[in-house]
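Protein chains in written order, with the numbering used here: chain U, 17 to 333; chain G, 644 to 907; chain Z, 76 to 501.
Backbone N, C-alpha and C define an ideal beta-carbon position, used for all residues, glycine too.
Remember, it's a predicted structure, so these values are computed and weren't measured experimentally.
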Amino acid sequence: MGAAVVILAVAAIAAAPLVVSTYHALLMLPFMAYAVVLLGLNLLFGYTGLVSFGHALFIGLGAYTGAFLTTHAKIRSLELILITAAALGALVAAPIAALCVRYVKIYFGMLTLAFGMVFYTFVLKFYRLTGGDEGMPFLRPSLLGLSLDAMPKIDYLVGPYYYYSLAVLALAALAMWRIVHSPFGLCLKTIRDNPTKAETLGIGVTRYRFYAFVISAVYAAVGGALLGPPTGNVDPTLAYWTHSGNIVFMTLLGGFTSFFGPVVGAFVFIYLQNWVMSVVPYWRLIFGAMLALIVIVAPEGLLGLVSRRRAVPAARV
Amino acid sequence: MQRIFNLACGSFYALGAYAGVSAVGWYVGAGGPPALFIVPLVLAGLAVGAVGFVVERGLLRFVYDRDETFQLLMTFAIVLVMEDAIRMTWGTAPRSTGGLYLAYGQIRVLGATAPVYNLIVILASLAIALAIGWLLTRTAFGRIIRATADNRDMAEALGIDMRRVYAKVFTLGTMLGTLGGALVIPATAAMSEMGIELIVEAFAVVVIGGLGSMRGAFVGALAVGILRAIAISVYPELEMLLIYLIVIAVLVVRPRGLFGAAEA
Amino acid sequence: MTSIPRSRRQFLKLLGAGAGAAAAARLDAPPVSAQATGPVKIGVLTIRAGVAAPVGAAGLRGTEWWAERTNKAGGILGRQVQLVVEEESNPKDTVERYRKLILQDQVEAVLGGISTGVTLALGPVAEDLGTPWLSWDGTTQKGVEETMPNPKWAFKSVDNEVEAIVAGILTPKYFKGIKTVAGIGNDYSYGHDCWESYQAVLKRYIPDVKFVLELFPKLGVTDFTSHIATIQQSKADLLMCSFWSGDATIIMKQAAAVGLFKTMKGVFTTAGGVHDSLKKEFTPEGLLLGYNTMYFDDPKASPLLKQFVREYKAKYNEYPPYECDHAFFNAESYKVAVEKAAGSSKKWPEKAQVVKALEGLEIESLSGKRSWREDHVQMCNFYQGITTHKNAYDFVTINPIETISTKQAMKPAGTKLFDWIAGWKV
């Protein structure tokens, strides 16, 4: 049943550019990028029980990596960009993770927020290196070795780039599925539910959290790199703490207790924001109210509501 | 004390600032003597702190028995709502009380000229800090707060009404925030999204001082303020980064902050 | 090369071409010929939150005033104007709103764009989508050269550093005997570019001037007590400040608290943006104050400007800042260009024809004559002057007023800024 839904969804996403308007097809691009980010974030949130309020750091890192490579290093290959972003994500995450995973809950959230803002300040301040508030251009990447510079940008974005992103998302999802259903994933869930017990079972709590953090950072960096080309420019606001807050919001909206929850959350968030922003100038208020409502009434998100309705009421997570 | 890191504390500060400007504006417009402008200012700051009660009873209390991260997320929701609420009420143009605070004149201290108003604010902050300290250590209510912070279940078992304690503590905290915003505003101006910008500093102060410690918050704030002033005179380039460098240094050397309780 | 990569490439090309063709053939694609009836939709991007929100509000108000006035007079070529407003926030989201305006709302043109990062990101997007974009503000030297070298559809605002250049020209005229200068600006491109331009210009007039201090607090800082103390310690003859938002008011207040300008001269290149918050009680006379491209109290004001100021004050209880004229000029020049391109046939012109008509076009804007240079950059006047308390308001105004044209203070098309300044005859 579940597999059929997933396949249908993928088919729908793949068919979208041919059916919906150009603008809505374009909106799918940040959705796919955020979906990759959120798959990683939920490894940390849903499966390990740690909420990071600084993951925009890695999104920014991935985006700036791509921008830097295309603008300064004259490297356009998206494959190389994604791999470099992933590697840098892991590299930067390692010391941060080492420090942060010693804490939990509030402390963890606060520390990650601090690091996120350090990165933001760094990028904003060292403008000779990063462009500062002006940002850095992210030139059109070449896909699988093909330079598609001649195509009009829109055709490129809703054509080759769209399907490339979908492929990256599919691969990322597959990889995460394997991770989550592996013994490693099981250990993470044990740590989330009962750290003391996990410790007595011989699972190094801090060590496993560390791995989860680094993996989630890699995902965030890859997603961040995908976020760059549609805008054509990367800027420090990608790393600001409210951006971190938004992606946690998306995760919660879709439901962090299910694998695809965050992906659904990203989709709903993006389309809802797009609609509300045009209709009312005070959209932040509406979104804030929405978040409050979700936290109080439906903390398991949309997918949580769906499964709650279907299943016999069971013990709360 | 309540183990909540309130991301909206910056927003409450902003609320106090805007309310203070409005109150002073009405006061001056109604013909009140300029020298006493500090009275409506302080009253406004305290009054809007009552919003804390509404927020606590209306929103936060639903998430006390949840994971702490949900509480954090709830405060993020409050940030979003308050930003737009402030914008709806006061617009986006910067608001200030004009040159009113200069009415108290200047004073020469240690070879530098400073407005008397600034000194008033410093003294007021000290007084408030001492008052809170006294409240926590010398009154029954203070004892209850500390007991709850240490061991909530035990406190509840001893017959303390948690809901009322939490409501009072949160409202008190909010009032401190709004009062702070109001007190500072005559010397500066209230600007759009000031709450969101402030959270980073507030947060750094707490990390440096240690979560859960009032003394820590006081010392942390002092440390950050002084170090930043020194940086501006000596090495201005560092100014923005300094606060983060300190945060990281503290985290590496003494992770629980100067006075913090042990981590979970 | 083996055959496998080749077929993968072919597949990708086919896939891309297929999707591209589908995109082109889609029903929502704008018709090749221009829509000629019904209201003319014009997109407006405005900042709603953050430090620059007041600037966005001013621009929107200016545009709305223009739209009302235009519609009362019968619209553009008989079509009523309908503004479609979207929010300018960060580059990524604003690019999305821009694309929505053009692809979804199918506006004829987009007006607006204030912050540098956003306008730099929008430039290539505007070029790609083939619709005129007239920007209110927000371009600086470096970015313009890199991302918008030869724009076809994008129309850029004046170079941002012009007010610093004008201030640099006027400083030696009004302040004699300046030997040391301190500078303070916001820590981002605008603040840095203004400081560098000001220094370069001042050095041409006062070759042995020394720049003893430069401070760059972050945009959004609300306390400058330490900065002012440092400035005082530097004992500079003059302070140059490029703040343009609430922080200009704050620093003025806090400087008054310690009497900074009793012994130091002050040059505020852009604080005219918050002019009615610079109250007399803390803003001294004798400062050089810049109002960018529109001064609301200009004694030489046209009836149009007088009417605008009157109606703006009546509606918003504030006096209009310069962004209103950026906005008005963009909107009005678009209208005039459409009428010019239509000629005697009065048929709604193609977008490309409108763009052609805009190049070199000069119109009567709120502050006087303004035009579009051939390379799509605004040409106008800058207003700066010495602050005075002799007026009927509770805030300062300027007298005497210097009016300096961009012909003198903005680098000509195709030149590099610092080379051009270095080549001045002084």
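Taken in chain order, the complete alpha helix (DSSP H) segments of 4 or more residues contained in the region 264 to 295 of chain U are 277 to 295. Pairwise C-beta distances place the region 334 to 343 of chain Z out of contact with the region 144 to 162 of chain Z, as fewer than three of them are shorter than 8 Å. Residues of chain Z with a Cβ closer than 8 Å to the Cβ of M293 (chain U) are, in chain order, E161, E162 and R172. What R807 (chain G) touches in chain U, judged by beta-carbon distance under 8 Å, is nothing: the nearest beta carbon there is about 21 Å away. At a C-beta separation below 8 Å, M731 (chain G) has no neighbours in chain Z, since its nearest C-beta there lies roughly 11 Å away. The beta carbon of K278 (chain Z) is closer than 7 Å to those of V284 in its chain, skipping five residues each way along the sequence.
Cβ contact annotation for Y119 (chain U) (same chain, cutoff 8 Å, sequence separation greater than five): L127, in chain order. Measuring C-alpha to C-alpha distances from P683 (chain G) to each of G:G653, G:A666, G:G674 and G:V691 identifies G:A666 as the nearest. For secondary structure counted as the beta strand (DSSP E) over 3 or more consecutive residues, the region 807 to 855 of chain G holds no complete run. Between G653 (chain G) and I839 (chain G), the beta carbon gap of about 6 Å places them in contact (Cβ cut-off 8 Å). Contact check for A432 (chain Z) against A402 (chain Z) fails: the beta carbons are separated by 9 Å or more. When the beta-carbon positions are compared, T463 (chain Z) and N456 (chain Z) stay at least 9 Å from each other. Just measuring C-alpha positions, the residue of Z:E407, Z:G348 and Z:K388 sitting nearest S210 (chain Z) is Z:E407.
Closer than 9 Å at the C-beta level to chain U, one finds these residues of the region 706 to 720 of chain G: V706, R709, D710, E711, T712, F713, Q714, L715, L716, M717, F719 and A720.
Taking a C-beta distance under 9 Å as the contact criterion, L45 (chain U) and L173 (chain U) qualify as a contact pair. Cβ proximity to chain Z below 7 Å picks out A830, T831, A832, M834, S835, E836, M837 and E840 from the region 817 to 849 of chain G.
If only complete runs of 4 or more residues are kept, the region 107 to 147 of chain Z shows the alpha helix (DSSP H) at 128 to 147, in order along the chain. Every alpha helix (DSSP H) stretch that sits fully inside the region 189 to 220 of chain U and reaches 4 residues is listed by chain position as 199 to 209 and 211 to 216. Less than 9 Å separates the beta-carbon of G118 (chain Z) from that of Y173 (chain Z).
Between I75 (chain U) and L243 (chain U) the beta-carbon gap is near 7 Å, inside 8 Å, which marks them as a contact. Of all residues in the region 131 to 153 of chain U, only T137, L140, K141, Y143, G147, G148, D149, E150, G151 and P153 come within less than 9 Å of chain Z when Cβ atoms are compared, listed by chain position. With contacts defined by Cβ atoms closer than 9 Å, W299 (chain U) and D727 (chain G) form a contacting pair.
For R445 (chain Z), the three-state secondary structure derived from DSSP is strand. Beta-bridge pairing by DSSP links Q459 (chain Z) to Z:G365 and Z:E477. Between F291 (chain Z) and N405 (chain Z), the CB-CB gap reaches or exceeds 9 Å. Proximity of P758 (chain G) to chain Z, defined by a Cβ-Cβ separation below 9 Å, is satisfied.
When the Cα atoms are used, L702 (chain G) and A651 (chain G) turn out to be separated by approximately 13 Å. When secondary structure is reduced to three states using DSSP, G304 (chain U) falls in the helix class. Distance from the CA atom of K328 (chain Z) to the CA atom of T831 (chain G), rounded to whole angstroms, is 8 Å. In chain Z, no part has a C-beta under 7 Å from the C-beta of G668 (chain G); the shortest such distance is about 12 Å.
Every unbroken stretch of the beta strand (DSSP E) spanning 3 or more residues and falling wholly within the region 143 to 188 of chain Z is given here in chain order: 156 to 163 and 184 to 187.
Every unbroken stretch of the beta strand (DSSP E) spanning 3 or more residues and falling wholly within the region 727 to 803 of chain G is given here in chain order: 749 to 752 and 755 to 758. DSSP, reduced to helix, strand and coil, places A693 (chain G) outside both helices and strands of the structure shown, so it counts as coil. Z:Q307 is the residue among Z:Q307, Z:T138 and Z:I253 whose C-alpha sits nearest the C-alpha of A755 (chain G). Within the region 112 to 187 of chain U, the complete alpha helix (DSSP H) runs of at least 4 residues fall at 121 to 141, 143 to 146 and 169 to 174. Around S232 (chain Z), the same chain offers S210, W211, D212, G213, T214, H401 and Q453 as residues with beta carbons nearer than 7 Å, after the five sequence neighbours per side are excluded.
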